[in-house]
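Below you can see the structure in the form of structure tokens.
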């Protein structure tokens, strides 16, 4: 089927729709200049797909067998590869590309992988950070750690590091277009079936392609034998199947069986078995474990959010910061860091970091003050003319497009509205209803599905309510939204809001990506299997996977440590025991408390602590006051942001500061206070609270700075709040300075804590008991290590066995693959045989449709019955079924010619001269008939014997042939039936002939019935053709290019009705579509295009509307002329009236002149005045006459 100018459907079951669309055998080409290979699918302007491939989008190209290209400019040029999104390019077989070597996208809204071939998320990588120091301490066998040899901490193996541990409108029926042998069926309401044998039985369903089926509501089947049997399911590609609800099968032979699942790429499968119990949102598959197909997902941008897909580069980076289980990759610096992490914190470093915090807070206050200078008034009152010009240049002239909220100039509006004559190069199916399908024109956008909207150029929206809100975006699935530039939203309810990202879900909907091949390049997606394999060589955060040999390696790497003053490294229990061996236990009597108190300055430290405590309390109060000011500032800034976010995108040039600029977590961790004694518990609690408040303050200031840098708007309304914030920051600075002084006092208090010998003495005695217990534990550990070693060796044997099983599995998989390929070849051969059988069946069907007048001739070729002489009587009658019946009898009075007839060889002969039996003959009077009389006569023997029985009245020849007295012959062998045969025929031969004649009669009846049906159908076709011929378009009208027509037809007693629609965009071009119905499902349809050729004539076509406008213009001009004429007539009447008045004045003057002449006393002066007046009057009269 081919629809559109120069469209070509080149072979069986092909569908080509659009300008110059070209489809090969079993292919679907939908859109201008599309091109497809065998069983391929291409949708969109200039889309191209080779054999079994799928290409969707403007200029999309799937140039390799079974490849899939989705999106504008997407190119899939490798076997079983998938290119997903604008300008995505594949680089290897069995890969899924979401970008190119220069274009990277993140894959967002990905559920955590569970199986080895699932994609791993960035969150799964990120969760590998952090350290459970308690379990590491236990795994490494680190005993009670202390500050130095004279200060041993008390407690169990994990208590010593406790401080560190604490971190469709219903408007029209369906439409079906197929062929007469395999008609399309659109039985669903508002359904569409296009192609040979296509079936659309669901509501608002679409079936496009030979034998495509869409059997559920809002289902779409696009491609040869595509099947969409799930609600809102999409099957795109030859032989693709989407049986799950809201499932998507994209690619040749792709299968999406699970609900809300996506099978992406040729032969990919997303089956119900792929879902785990916890899956509620379906899966995305880019391959098939059943067929051994996996694909790498390449050109993936590094993940950012926890639900983004992670790349192999991120995996390598994450693992690059991890230690090996055997600690083999630790250098001296790493060992020092581990020792520091698991040891005692450096209070001096803590003090320096707090002081740095004070400097950072002061710097933030300066930044806020500096930012205020660059913030303009909302009303523009502080903008100079230079600023206005700069804003105009920065904002530009604007763009007129859907959804754009920016400013535009008058010139931009004129440029957008002036070019009205844009050529449309797209096809719209049911564009007036909700179930609309648009295939891209010059802008390259595509929207397929009810309420689908491709709002930006070169974007693709496939699925009911699918929407694209930016250029080159791709949205595939029910209610999907691709709002980012070059973004891809894949699967029902998926949302892609960021530029160049691929989303398979939303903030609330997550999907796993299954059947993913292991990534190799840095921008490939990593699988859970890769992650597990890589992390399997790294220690867990809680050290739970350290084997005894690993523990030994770590212990060897970290060493036994040294017990000495100031050393912060790790030490083992044995080292501590060795250090304290031989040290005499001190008693209270041995300690000079007064001397120690004086030496350590305990009294002064207690005084300093009291002073510091009050300062800390004041600091806490000041921080609370400052926080209140910051909260007020946040409220004011939020209001400011709401009022100005319309212009935020136009403000550039100022670097944005975010919370990422400050590693709050690191600061919080590094500012912790370790192992303070019980006397300092209250202080530690308040310091921790102080640190938390400072971190909160720092985060709030960073957020304020980011908001201010981002908005760059007038905060005049926030002036009071900002001044309050500045005062709060100043107060905070002073409080922090006071905090610094407190930290100095804190250091003195720590010295005071070290002087508490009494507590140390008790702890030392307790530790001595603990050391003894530890020795017993060490002995037990040695025993356990030996047992673990034996278990490890047993595991090694099991691993070896597993390796052998894996090798066998690989061999089995290879054999399965070979068998699968053989099956594939067999399937291909079967397909060819089926095509051959179909062709042979069509030939056979044509041969059986013989003409009626040839039936008798055909029957005569197979059956001939004739009577050769009078010795055999042949009688022809008609049987009960109307066929011919033949009775055959032997004439009792047989005539013999001169030819000798031999019976039973030479023993008896009968000819024209007489009968000879043996040596006796009856001829020439030798023996009379009386002498020959006998009741029984036998001649010959065996199967050649001739026996005549007078008593029974029978003649028997041989063992079977018998002639009885009634003239009936039995046992007659079948005679040869041929044109030159003289053999007798038996009853079975005649019965067979009778049956054939009866069958011929039945065939003749059937042919008569078929001829009558054909004759009746010809009459209905004639009536339908007459009705279509009655459809006529209206004359050209630029304002009304569409017109409709109805027609009635009659032919030889049959009637038909027709309806047609015509589109005449120009004087020379007319497009028409008509359909007729004559009853009994006899429908006819025509599509026509007419174009007027020729040139060189001076005639210029003028439309009726132009003529009407011209008449109106001429009428207006005529009315204006009439008004001018009437005005001239009025002026002429006024001039005539004036002329009469002047004439009267002239006559009066002449009379006065005459009287004056009569008076001799008239002076010359008066005469001159009268003459001048007379001349003036004459001049005025002359002017009036000229007018």
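Residue numbers (the numbering used here): 874 to 2060.
All C-beta atoms in this analysis are idealised placements derived from N, C-alpha and C, irrespective of residue type, glycine included.
Going by CA-CA distance only, name the one from 1125, 1115 and 1126 that's closest to residue 1134. Nearest option by C-alpha distance: 1115.
Residue span of the alpha helix (DSSP H) that contains residue 1928, given as start and end: In this chain, residue 1928 is not harboured by any alpha helix (DSSP H); it is covered by the beta strand (DSSP E) spanning 1927-1936.
For residue 1398 and residue 1173, believed in contact at Cβ under 8 Å, the rounded distance: Indeed, because the Cβ distance is near 5 Å, the residues count as touching under 8 Å.
From residue 1829 to residue 1818, what does the alpha carbon distance come to, in whole angstroms? Taking the straight line joining both Cα atoms gives about 8 Å.
Give me the Cβ distance between residue 961 and residue 970, rounded to the nearest whole Å; I'm assuming they're in contact under 8 Å. The distance from the Cβ of residue 961 to that of residue 970 is about 5 Å, consistent with a contact at the 8 Å cut-off.
What number of angstroms, rounded off, separates the C-alpha of residue 1391 from the C-alpha of residue 1106? For residue 1391 and residue 1106, the distance between alpha carbons rounds to 29 Å.
Contact belief for residue 943 with residue 1347 at Cβ below 8 Å, rounded distance in angstroms: The beta-carbon separation of residue 943 and residue 1347, rounded to 6 Å, stays under the 8 Å limit for a contact.
Alpha carbon of residue 1359 to alpha carbon of residue 1097, nearest angstrom: Going by the C-alpha atoms only, they are around 29 Å apart.
Am I right that residue 2074 and residue 939 are in contact with their C-beta atoms under 8 Å? What's the rounded C-beta distance? This structure leaves residue 2074 out entirely; the chain is present only between 874 and 2060.
Tell me residue 1400's beta-bridge partners as DSSP assigns them. The partner list for residue 1400 (beta bridge, DSSP) reads 992.
Measure from the alpha carbon of residue 1385 to the alpha carbon of each residue in 1049, 986, 1494 and 1835, then state which is nearest. Ranking 1049, 986, 1494 and 1835 by Cα distance to residue 1385 puts 986 first.
Just to confirm, are residue 1654 and residue 1420 a CB contact at a threshold of 8 Å? Taking 8 Å as the Cβ cut-off, residue 1654 and residue 1420 do not qualify as a contacting pair.
First and last residue of the alpha helix (DSSP H) that includes residue 1870? From DSSP, the alpha helix (DSSP H) with residue 1870 extends over 1860-1902.
Terminal residues of the beta strand (DSSP E) in which residue 976 lies: Per DSSP, residue 976 belongs to no beta strand (DSSP E) and is neither H nor E.
Check whether the Cβ atoms of residue 1057 and residue 1064 sit closer than 8 Å, and answer yes or no. For the 8 Å CB-CB criterion, residue 1057 and residue 1064 do not form a contact.
Are the beta-carbon atoms of residue 1322 and residue 1344 separated by less than 8 Å? Cβ distance not < 8 Å, so residue 1322 and residue 1344 don't count as in contact.
Could you work out which residue in 1824, 1820 and 1825 is closest to residue 1832 when comparing CA atoms only? Sorting 1824, 1820 and 1825 by C-alpha distance to the C-alpha of residue 1832 places 1820 at the top.
Say whether chain B places a C-beta atom closer than 8 Å to the C-beta of residue 1862. The structure shown contains no chain B, having only a single protein chain.
Distance CB(residue 1922)-CB(residue 1899) smaller than 8 Å: A contact, by the Cβ cut-off of 8 Å.
Identify whether residue 2011 lies in helix, strand or coil by the three-state DSSP scheme. DSSP places residue 2011 in helix when its eight states are reduced to three.
Opening and closing residue of the beta strand (DSSP E) in which residue 1920 lies: Its beta strand (DSSP E) spans residues 1915-1924.
Nonlocal neighbours in the same chain, by C-beta distance under 6 Å from residue 1373, ignoring five residues either side: Short of 6 Å from the beta carbon of residue 1373, and not among the five residues preceding or following it, lie these beta carbons of its own chain, in chain order: 978 and 1359.
So, at 7 Å on beta carbons, what are the nonlocal neighbours of residue 1803 in its own chain, with the 5 sequence-adjacent residues on each side left out? Because the pLDDT of residue 1803 is 46, which lies under 50, any placement of that residue in the model is unreliable, and the question is left without a value.
Less than 8 Å separating the beta-carbons of residue 907 and residue 899? Not in contact: residue 907 and residue 899 (Cβ atoms no closer than 8 Å).
For residue 1158, report the span of its alpha helix (DSSP H) as first-last. Annotation: residue 1158 is outside any alpha helix (DSSP H); the continuous beta strand (DSSP E) that includes it extends over 1156-1158.
Would you mind working out which of 1061, 1070, 1089 and 1162 sits nearest residue 1055, comparing C-alpha positions? Cα-wise, what sits closest to residue 1055 is 1070.
In three-state DSSP terms, what is residue 1997? Here residue 1997 sits in helix by DSSP.
Inter-residue spacing [alpha-carbon to alpha-carbon] between residue 1341 and residue 1356: Cα to Cα, the separation comes out at about 6 Å.
Have a look at residue 1913 and residue 1966 and give me their C-alpha separation to the nearest angstrom. Their backbone Cα atoms lie some 23 Å apart in a straight line.
Helix or strand or just coil, what does DSSP make of residue 893? Three-state result, residue 893: coil.
If you count every other CB in all the chains shown that lies within 10 Å of the CB of residue 1177, and 16 or more means buried, which is it? It counts as exposed.
Sequence-distant residues of the same chain with beta carbon closer than 7 Å to residue 1142, five excluded per side: Answer for residue 1142: 1128, 1136, 1158, 1161 and 1163, listed in chain order.
Any chance the region 1945-1962 sits against the region 1892-1910, with 3 or more Cβ pairs inside 8 Å? Contact between the region 1945-1962 and the region 1892-1910 is established, with three or more Cβ pairs separated by less than 8 Å.
Can you tell me the Cα-Cα spacing of residue 1751 and residue 1880, whole angstroms? Roughly 21 Å separates the two Cα atoms.
Between which two residues does the beta strand (DSSP E) harbouring residue 1829 extend? Here the beta strand (DSSP E) through residue 1829 covers 1827-1830.
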